[in-house]
Every structure is written in structure tokens, then in C-alpha cells.
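The opening position of the sequence shown corresponds to residue 1049 in the numbering used here, with each subsequent residue numbered one higher. Idealized CB from N, CA, C, for every residue including glycine. All remarks here apply to the structure that follows.
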Amino acid sequence: MAALVDGFGRVHTDLRVSLTDKCNLRCTYCMPPEGLDWMPADTVLTDDEVVRVIGIAVRELGIRDVRLTGGEPLLRRGLVDIVRRLAALDPRPRLALTTNGIGLARVVGDLAAAGLDRINVSLDTMHRETFVALSRRDRLDEVLAGLDAARAAGVAPVKVNTVLMRGINDGEALELLDYCLAHELQLRFIEQMPLDAQHGWDRDLMVTAEEIVAMLSARHTLTPVGGRGSDPAELFRIDDGPAVVGVIASVTKPFCAACDRVRLTADGQVRNCLFATEESDLRTPLRAGADDAFIAARIREAIGRKRAGHGIDDPAFLQPIRPMSAIGG
Ligand code: SAM
Ligand code: SF4
1049 MAALVDGFGR VHTDLRVSLT DKCNLRCTYC MPPEGLDWMP ADTVLTDDEV
1099 VRVIGIAVRE LGIRDVRLTG GEPLLRRGLV DIVRRLAALD PRPRLALTTN
1149 GIGLARVVGD LAAAGLDRIN VSLDTMHRET FVALSRRDRL DEVLAGLDAA
1199 RAAGVAPVKV NTVLMRGIND GEALELLDYC LAHELQLRFI EQMPLDAQHG
1249 WDRDLMVTAE EIVAMLSARH TLTPVGGRGS DPAELFRIDD GPAVVGVIAS
1299 VTKPFCAACD RVRLTADGQV RNCLFATEES DLRTPLRAGA DDAFIAARIR
1349 EAIGRKRAGH GIDDPAFLQP IRPMSAIGG
């Protein structure tokens, strides 16, 4: 099996699969209040199609990590069964889920039993009013219940993804860290990226990685762990460890040179970058009877066209037409 290598020698081993573009929250940095026009149901890959593409990716292209995301992947009806089928693939990929946590408490035991290895839960605030302001829904308690249940189900590690926004939740960095330390959760702060459907991203509202490290350092000693490989998070040991916190500086310190990711949208398009402006269609050939070799070749071609970097700081930068919820974060 030949590795999935692009024109810059980057080897791709991590496939992110969006299972739906639908969501039950409306995070301001992701979606407009009214939501979006969801993808027509018949354009969304079926469970069989999703499992087939991932099978091709692990057998023919060297994909080792698969992350299920969205939209909100817990809204996908067949999720537990998809996880069970992915865990039965040979070679077996490591299986991760990124979720907003709503409904996780009910299903995480089944997901763990089906073979899910890791979970990231998004949590931007510990305060109900701020949660409502940020996500336009009053559902913080369900997210916290989901986090508790994930730990109780033995999924490890459980990570927490946090996006800080100036004047909204940026005063909560230490409180979120305290919560995660007390609950054995690994916290990762993510710089806000220009991927919202309403194109409202404003660099001045983005809280930078440097600012985040400074805020945390006010109360803790942060020691860089180093050796991060293709992990987008720069990890810091907190007060000599063992706990760590991650900071993902997607905008101010892009990690494109070490990127090992490829994405599949819920409607069957391969994207070689979150910020790609082109996609490669897998759905049409999948439904026209294409064989595995053809699908693998199309994914290889898509990776062959990958650019060196996302270019957010380039004056000619164009935000992708699809928002984060449709690409899969
Ligand atoms: N709905 C799930 C969730 O919220 O975890 C999965 C999909 S969501 C698009 C994946 C991750 O992307 C979340 O952690 C979310 O906070 C993050 N995200 C969404 N929009 C973002 C943006 N504009 N900048 C940075 N991160 C963003
Ligand atoms: Fe939904 Fe996740 Fe986007 Fe929030 S970040 S609106 S939870 S897809």
C-alpha cells in the first residue's frame, strides 16, 4: 500500500468524516441564528457508503485515524452502527468523535462498546447565560452531563475543545482549566478561524494563542511539552504535570507544514484542507458503481492538489464557500 502523500511530501494518515451538516446548536462562530439550508437527504452518503470509503482509505491509502464529526454527529441515526462497522475494519483505525455533547450521556456507553476510542467535546463556557449567548440554545447542563458520562464510560482521553471570543468568554480561560483539571479532562483552546457561514470573523475578536498562554500563566506554570509531530495543539505541562493543556494556533502559528489530514464531507466530497476552495466528488462515482481502485485514485488526486498552506494571512485569502458545519471540523 502506497502512503497518501502530497506534492510537499506530507503523509496523510488522519481522515475526518462529517456525518451530517445538521446541528442542534447555533454557535455564533459557526452558524447563523436561523441555521442553514441543510443538505438534501439524498445527497448525504448512506451508512454503507461512509463505511466503504473509510474502508478504502484504511486499506489502500494508509489512513490510521478516523474522526467522526459534523455538524453534530450525534444527530446521525446510524452512528453506533457506523462505529461498530469501522472498528471491524482491517487494519482497524483509531476511532474518535467530535461532538457538542448534547445527548452524549445517553449514547456514550454504546459508542464505547462499539469501539469508539476517543472523544472531543466542545465546551466554551461554564455559565448558562454565556452558553445561551454563544450557542443560542439553553443546553449547558446536557453538555456537562455528556462529559461526565464520557469519563464514566471509560473513553480515554476525553478532550474539551474551547474557542475563546473577546468580550464574551475570554474571562473564563482559568475557570475552564480548573473544571477540566478537576474532572480529568484534557482542555484544548482553538483560535477562532474564518469558517462561519455568515462571514463575520474578525481578527480583532480572535483571542490569540499567545494571549491564552499569558492568561493561563497568571496562575500556573506552563512548560512546553515539545515533539508534537502532526498534532495541531502545542501542549504545555501544567505546574509540572502530569496534566497538560493544548493551544491550537491555527491562525497565528499555522501548522500546515505538518498537516496529515484529509476530509470527507457528509455529501461525499473530499477536501484536502479546511480552507480548500475545491473539492473532489466521490458520491457520483460511488453511486455509478466505481471500484475501490477508482475511489482510492480520486482521493490521491485530491491530495496531490493540496496547497502548502491555508493562507489566512495572505491579502488574497478567500474564505471557503462551505462553512465549518458543512465541511466537518
Ligand atoms: N458539532 C460538533 C462540535 O461542536 O464539537 C462537531 C463539529 S464542530 C464544527 C467541530 C469543532 O469546530 C468544535 O470544537 C467547534 O468549537 C470548532 N469550531 C467551529 N467553528 C469554528 C471556528 N470558526 N473557529 C474555530 N473553531 C471552530
Ligand atoms: Fe453545531 Fe458544532 Fe457548529 Fe456549534 S460548532 S453550531 S455545535 S456544528
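Below 8 Å, too few C-beta pairs join the region 1351-1362 and the region 1062-1073 to call them touching: fewer than three.
The beta carbon of V1211 sits closer than 7 Å to the beta carbons of Y1077, D1172, I1238, Q1240 from its chain, once the five residues preceding and following it are set aside; these are given in chain order. By the criterion of a C-beta distance shorter than 6 Å, V1065 is surrounded in its chain by L1116, L1312, once the five residues flanking it on both sides are discounted. Distances from the CB of V1211 to the heavy atoms of the ligand SAM include at least one below 7 Å.
In the structure shown, E1282 falls within a strand segment according to DSSP collapsed to helix, strand and coil. When only Cα atoms are considered, V1180 and E1108 end up about 44 Å apart. If you draw a 10 Å sphere on the C-beta of F1323, you find 16 or more other C-beta atoms in it, and that means buried. In the displayed model, M1254 falls within a strand according to three-state DSSP.
By the criterion of a C-beta distance shorter than 7 Å, M1254 is surrounded in its chain by E1239, Q1240, V1299, once the five residues flanking it on both sides are discounted. Here F1284 is buried. Its C-beta has 16 or more other C-beta atoms within 10 Å. In the displayed model, P1080 falls within coil according to three-state DSSP, outside both helix and strand.
Look at N1148: its beta carbon is less than 7 Å from one of the heavy atoms in the ligand SAM.
Within the region 1098-1154, the complete beta strand (DSSP E) runs of at least 3 residues fall at 1113-1117, 1142-1147. The criterion of a C-beta distance shorter than 8 Å is not satisfied by G1352 and D1090.
For G1337, there is no enclosing beta strand (DSSP E), as DSSP marks it with neither H nor E. Out of D1186, P1272, K1301, V1295, the CA that lies nearest to the CA of G1289 is found in P1272. Excluding the 5 residues flanking it on each side, R1166 has same chain C-beta neighbours closer than 8 Å at R1142, L1143, A1144, L1145, V1203, A1204, P1205, V1206, K1207, in chain order. The C-alpha of G1083 lies about 37 Å from the C-alpha of S1265. The Cβ atoms of A1105 and V1156 lie no closer than 8 Å to each other. Under the criterion of beta carbons closer than 8 Å, L1073 and N1148 qualify as touching, at roughly 5 Å. Of the residues assessed, E1177 falls on the exposed side of the cut-off, its CB having fewer than 16 other CB atoms within 10 angstroms. When the Cα atoms are used, H1060 and S1278 turn out to be separated by approximately 10 Å.
Taking 8 Å as the cut-off, the Cβ atoms of V1092 and I1343 do not count as close.
Comparing alpha-carbon positions, the option among N1168, G1110, I1150, E1097 lying closest to R1133 turns out to be E1097.
Approximately 15 Å separates the beta-carbon atoms of A1356 and K1301; this is outside 8 Å, ruling out the contact. Annotation for L1122 indicates a beta carbon at 7 Å or more from all heavy atoms of the ligand SF4. Note on geometry: alpha-carbon atoms of K1354 and G1194 lie some 36 Å from one another.
Here G1316 has L1093, L1330, R1331 as same chain residues with Cβ atoms under 6 Å from its own Cβ, once five neighbours each way along the sequence are excluded. With at least 16 other beta carbons inside 10 angstroms of its own, G1376 counts as buried.
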